[in-house]
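Enquirer:
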Amino acid sequence: MCDRRATDTKEITMAIESIGAAPLAAGAPANAAVSQEDFLKILLTQLRFQDPLKPIDNQQFVAQLAQFSALELTRQQGEEIQGLLTIQSASQSLSLMNRTVEVGTNGGSQVGTVTAIRFQNGNPLLTIKTAGGQFLTDVGLSQVSLVNSTPTSPTTN
331 MCDRRATDTK EITMAIESIG AAPLAAGAPA NAAVSQEDFL KILLTQLRFQ DPLKPIDNQQ
391 FVAQLAQFSA LELTRQQGEE IQGLLTIQSA SQSLSLMNRT VEVGTNGGSQ VGTVTAIRFQ
451 NGNPLLTIKT AGGQFLTDVG LSQVSLVNST PTSPTTN
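With the working numbering, you'll find the sequence shown wraps up at 487, consecutive numbering, no jumps.
1) For Q464, which residues of its own chain have a beta-carbon under 6 Å away from its beta-carbon, when the five flanking residues on both sides are left out?
2) In the DSSP assignment, find the beta strand (DSSP E) that holds D468 and state where it starts and stops.
3) How is the beta strand (DSSP E) around I447 delimited, first residue to last?
4) So, helix, strand or coil for G413, using DSSP?
5) Identify, in the order they occur along the chain, each residue of the same chain with its Cβ nearer than 6 Å to the Cβ of V469, setting aside the five sequence neighbours on each side.
6) Assign S419 to one of three DSSP states: helix, strand, or coil.
7) Would you call the CB atoms of Q412 and P454 closer than 9 Å?
8) Closest to I447 by C-alpha separation, out of D381, L424, G438, A461, would be which residue?
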């Protein structure tokens with residue numbers, strides 16, 4: 331009886347760990363994760379088909395439910411933090427508009443003025459006009475190495 335419970339606990343724990351180990355992906359389908367409702371259905375099915383002479387401990391079920399609830403809360407917090415990071419990145423990029431920046435490129439570094447910002451998959455990409463009139467497009471925030479503290483006035487051509 332003890333061996334069966336230990337095996338059942340190990341199998342259930344491993345299943346929960348595999349759910350928790352899945353990386354959070356932006357834009358993942360809503361049905362990609364097991365919901366709390368699905369977990370309760372599995373739990374009720376397990377109760378319905380258990381051996382009446384060897385019932386599984388109620389404390390074990392409560393512990394599993396608590397673990398699943400904690401896992402779901404952690405997943406939700408991760409999604410909320412990702413949303414905050416996206417907002418912070420957008421705000422940071424918008425503050426660079428019309429500012430002179432230095433960016434690292436394949437050929438070294440170049441200085442120019444941020445003329446446009448577009449967002450791709452929630453990530454800001456800058457367009458920078460260099461002093462020579464060349465446009466650098468799709469520059470990520472991680473490539474910006476220096477920002478002038480005062481914005482430049484926009485030029486019209």
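Note that the Cβ used here is the ideal one computed from N, Cα and C, for glycine as well.
Expert: With the structure as the only source:
1) Sequence index remark: in the sequence shown, residue 464 carries index 134 (1-based). Result list for Q464: empty, nothing under 6 Å.
2) The count along the sequence shown starts at 1 and reaches residue 468 at position 138. Note, D468: beta strand (DSSP E), 465–470.
3) Numbered from its first residue, the sequence shown carries residue 447 at position 117. Looking at the DSSP string, the run of the beta strand (DSSP E) that includes I447 is 438–450.
4) Along the sequence shown, read from residue 1 onward, the residue named residue 413 stands at position 83. In the structure shown, the three-state DSSP call for G413 is helix.
5) Locating residue 469 in the sequence shown gives position 139, counting from the first residue. Around V469: V433, L456, I458.
6) Position 89 of the sequence shown, counted from the start, is the residue given in the question as residue 419. Reduced to three states, the DSSP call for S419 is helix.
7) In the sequence shown, residue 412 corresponds to position 82, counting from 1. In the sequence shown, residue 454 corresponds to position 124, counting from 1. Contact flag unset, no.
8) Translated into the one-based positions of the sequence shown, residue 447 becomes position 117. Considering only alpha carbons, the answer is L424.
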